[in-house]
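Enquirer: The structure is given below, and queries will be raised subsequently.
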Amino acid sequence: MKDGLFSIGEVSKSKGITVKALRFYDEIGLLKPHFIDPESGYRYYHADQMLPIDIIKAARSLEISPNQLVPFFENKDTEGLMALLSEHREKTEERLLRLRNVVAGTGRICENYRLAGEASARSDVYRRRIAPIHAFSTPWVEHKDPQDYLAVYAALDRRVDERGLIATYEAGVLFEIREHSTVPSLLFTTVAHPFPGKDYLLIP
């Protein structure tokens, strides 16, 4: 520290930001040093500049480029800067949610693959209790050609993709019990999380 100022190296170490980045911010006019020694050329920063550095770091973690920040810093547009940060924070939260759903969906796919292997190795009829699953459904329609059912499932998968949902690739037929007999009711394909709409189904 020199006369109450912090050297670029001290700021780099205390704030976890590279010297190269601080120099770049100076070059583009985002964060000018409080003082530059005319003899040595060393850059020095004031304690009041630590908060702007924290804001820049937060913005970078939200994938906001330094150049995007320059006009807000130059014009001291705090309201606009906060709006930009909020917008990117919401987008980041959406990405995180989608990644969590991808992880959950992948887990379901692996589990379904394991169970399918166990089922194919058995020759008897057995009962298995499943946890509640979320599904995209369409009414059952009788088809003579099995290929027609594949086309229905393919259409369901396309609708899942169009809605930006995470498919877990477990499909089947739901049956209703009517007067001691079972009747096909719905074709379904599973997704990782619930969604609004008449085609949504929670299978308990």
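Numbering of the sequence shown is given in this note's numbering, commencing with residue 1 and proceeding in unit increments. Built from N, CA and C at the ideal position, the CB exists for glycine as well.
(1) Give the list of continuous beta strand (DSSP E) stretches no shorter than 3 residues that lie fully inside the region 19–105.
(2) Quickly, what does DSSP pair I177 with across the bridge? List them, please.
(3) How about the region 174–188 and the region 106–120: do they share at least three Cβ pairs that are nearer than 8 Å?
(4) Among E94, G164, Y169 and I55, whose alpha-carbon lies nearest the alpha-carbon of A154?
(5) Tell me which residue opens and which closes the alpha helix (DSSP H) that R158 is part of.
(6) If you draw a straight line from the C-alpha of L69 to the C-alpha of V141, how long is it?
(7) From which residue to which residue does the alpha helix (DSSP H) around E10 run?
(8) Could you tell me the distance, in whole angstroms, from the CA atom of G4 to the CA atom of H46?
(9) Using 10 angstroms around the beta-carbon of A171, count the other beta-carbons present and answer buried if the total reaches 16, otherwise exposed.
Expert: Taking the geometry as given:
(1) 43–45
(2) Taking the first residue of the sequence shown as 1, we reach residue 177 at position 177. T182.
(3) no
(4) For the purposes of this step, residue 154 is identified with residue 154 of the sequence shown, where counting begins at 1. Ranking the options by Cα distance to A154, first place goes to Y169.
(5) The count along the sequence shown starts at 1 and reaches residue 158 at position 158. Its alpha helix (DSSP H) spans residues P146 to E162.
(6) If you number the sequence shown from 1, residue 69 lands on position 69. If you number the sequence shown from 1, residue 141 lands on position 141. Their Cα atoms are separated by approximately 57 Å.
(7) Sequence index remark: in the sequence shown, residue 10 carries index 10 (1-based). Looking at the DSSP string, the run of the alpha helix (DSSP H) that includes E10 is I8 to K15.
(8) What you label residue 4 is simply residue 4 of the sequence shown in a count that begins at 1. What you label residue 46 is simply residue 46 of the sequence shown in a count that begins at 1. Computed Cα separation, rounded: 7 Å.
(9) The residue you call residue 171 lines up with position 171 of the sequence shown. That one is buried.
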